[in-house]
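Remarks on the structure that follows.
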Amino acid sequence: MVAVGETGLDYFRSEGDLEWQRDRFQHHIRAAKLAGQAADHSQSGCPGKTRYGYCRKSGPKTVGGVMHCFVDDLATAEAAMAMGFYISYSGIVTFRNAGEVQATARGIPLERLLVETDAPYLAPMPYRGKPNQPAYVRHTAEFLAELRNETYEELARRDYGQFFRLFRDATLVTDV
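Just so you know, we're using the working numbering here: the sequence shown kicks off at 1248 and counts up by one.
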């Protein structure tokens, strides 16, 4: 085990009383703390103040984790990073209508930026609308590197190192 995740508050498809989600989210963060593992935090359709209020209430700073598939503003990213989270971008950042997401991505400190696939969803351009796959993460990384005025190689090398710093118990599997 390298993390407690897919956890968080997903309001995109849920309706009615969502207290059960908030309760489980707090339990997941406590489990991550007890296990000494990062929390992989997913969110959808949930207001930033609500998400981070529950993060603070559960005290994840001692755990850290990933704000997965990040689409919020820089102030929200800064609040998450202050609690020990990394900010991770999926193919959404490559979309033509993602100007605000791109502006935020430019402002994330190098040591807190991650790139992800979120397969099978959110394929980057030029595959938008098709099922995503891990091989497409390169397109997202190349886009982010250009957006941030760095080389793909620099971004990929840093992302690789940051993954293993955050998920310290992860091992590289080479013989599949």
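Don't be surprised by glycine CBs; every beta carbon is placed ideally from N, CA and C.
F1272, enclosing beta strand (DSSP E) - first and last residue: Position 25 of the sequence shown holds residue 1272. Not the beta strand (DSSP E): F1272 falls in the alpha helix (DSSP H), residues E1266 to A1282.
Thinking just about the alpha-carbon of each residue, which of E1347, A1278, L1281 and Y1399 is nearest to the one in R1385? The count along the sequence shown starts at 1 and reaches residue 1385 at position 138. That would be Y1399, whose Cα lies nearest to the Cα of R1385.
Please name the residue in F1317, K1280, H1275 and Y1333 whose C-alpha comes closest to that of R1412. Here residue 1412 is taken as the residue at index 165 of the sequence shown, counted from 1. Ranking F1317, K1280, H1275 and Y1333 by Cα distance to R1412 puts Y1333 first.
Reduced DSSP secondary structure (H/G/I, E/B, other) of I1425: Summary: the structure shown does not reach residue 1425, with the chain confined to residues 1248 through 1423, and so no result is reported for it.
Provide the residue(s) that pair with S1335 in DSSP beta bridges, ordered along the chain. Here residue 1335 is taken as the residue at index 88 of the sequence shown, counted from 1. Bridge partners of S1335: L1361.
Is the beta carbon of R1353 less than 8 Å from the beta carbon of R1395? Taking the first residue of the sequence shown as 1, we reach residue 1353 at position 106. Taking the first residue of the sequence shown as 1, we reach residue 1395 at position 148. Contact flag set, yes.
In the DSSP assignment, the beta strand (DSSP E) including V1313 goes from what residue to what residue? Position 66 of the sequence shown holds residue 1313. Element bounds for V1313: G1312 to M1314.
Beta-carbon contacts of P1378 that lie in its chain and below 6 Å, excluding the five residues immediately before and after: Along the sequence shown, one-based indexing puts residue 1378 at 131. Closer than 6 Å at Cβ, skipping near neighbours: P1367.
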